[in-house]
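Under this note's numbering, the letters of the sequence shown match residues 252 to 443, in that order.
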Amino acid sequence: MSNDFRLFMTQLLKRPHQVVALAPSSEGLAREMAARVDPEDGPVIELGAGTGKITRAILNRGLPAEQLHSIEMNPEFCTRLCDRFPGLNVHQISAGDIGALPVENAQAVISGLPLLSMPVALQHAILTGTVAKLRPGRDYVQFTYGPKPPITSAVRNDLGLIWETSPKIWWNMPPARVYRFRQNITPTGPTG
Ligand SMILES: C[S@@+](CC[C@H](N)C(=O)[O-])C[C@H]1O[C@@H](n2cnc3c(N)ncnc32)[C@H](O)[C@@H]1O
Numbered sequence: 252m253s254n255d256f257r258l259f260m261t262q263l264l265k266r267p268h269q270v271v272a273l274a275p276s277s278e279g280l281a282r283e284m285a286a287r288v289d290p291e292d293g294p295v296i297e298l299g300a301g302t303g304k305i306t307r308a309i310l311n312r313g314l315p316a317e318q319l320h321s322i323e324m325n326p327e328f329c330t331r332l333c334d335r336f337p338g339l340n341v342h343q344i345s346a347g348d349i350g351a352l353p354v355e356n357a358q359a360v361i362s363g364l365p366l367l368s369m370p371v372a373l374q375h376a377i378l379t380g381t382v383a384k385l386r387p388g389r390d391y392v393q394f395t396y397g398p399k400p401p402i403t404s405a406v407r408n409d410l411g412l413i414w415e416t417s418p419k420i421w422w423n424m425p426p427a428r429v430y431r432f433r434q435n436i437t438p439t440g441p442t443g
């Protein structure tokens, strides 16, 4: 068993309501989550980084570690992230406090959070903070194991979110799909 898998399992047993997954994301899922990161397009915010599977995929796109801000509330996972990724900005806070990050104009927010198992008020705080940190029209990327969009309809409607989905990634436990949400911004044309 790898060190990461052991740490993940220990934390899953200790904090099941926070971890809410059978295993860390597979490399295939992590690659799909990070697929549109452009190393020259500014900062990226990651939510719920865990042992760093998606963190690594984001950095493998060529993004400098200093441009990646990873939020993770579990202290043991934060220690692992700091040890593993020199230069990475690790924030040991709740994703609901994303608004406090010293980052503006992010190119993407990439989330491994168990969003649907969170109270609607927390989902709302996370997505409102996300929209404020993103450049207009940019993506909030979230995976899910289930058949429904991983943001509750009340929050999607309130923030005017539209989305596209990836093909199902079967090589993951359990199989998952990636959703890319963004605000539906209608361009304003000339008037009169
Ligand atoms: C399903 S695991 C995903 C871990 C990793 N991103 C991956 O894909 O393997 C969910 C992660 O979100 C973290 N988490 C849960 N609630 C959180 C919150 N409110 N704020 C920040 N992190 C949270 C957990 O500690 C855990 O590391």
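Idealized CB from N, CA, C, for every residue including glycine.
*Give me the Cα-Cα distance between N408 and P400, rounded to the nearest whole angstrom.*
12 Å
*If we ignore side chains and look at the alpha-carbon of each, how far apart do Q318 and S362 end up?*
16 Å
*With which residues is S362 paired in a DSSP beta bridge?*
Looking at the DSSP assignment, S362 forms a beta bridge with L298, Q393.
*Which class does E415 belong to by DSSP, given the choice of helix, strand or coil?*
Looking at E415 - three-state DSSP - the assignment turns out to be strand.
*Could you pull the start and end residues of the beta strand (DSSP E) that R312 belongs to?*
Here R312 belongs to no beta strand (DSSP E), and DSSP marks it neither H nor E.
*What's the gap between the Cα of A383 and the Cα of G350?*
7 Å
_Suppose the cutoff is 7 Å on Cβ atoms and the five residues either side in sequence are ignored; what does the same chain contact list for W421 look like?_
none
_C-alpha gap between L280 and A372, whole angstroms_ = 28 Å
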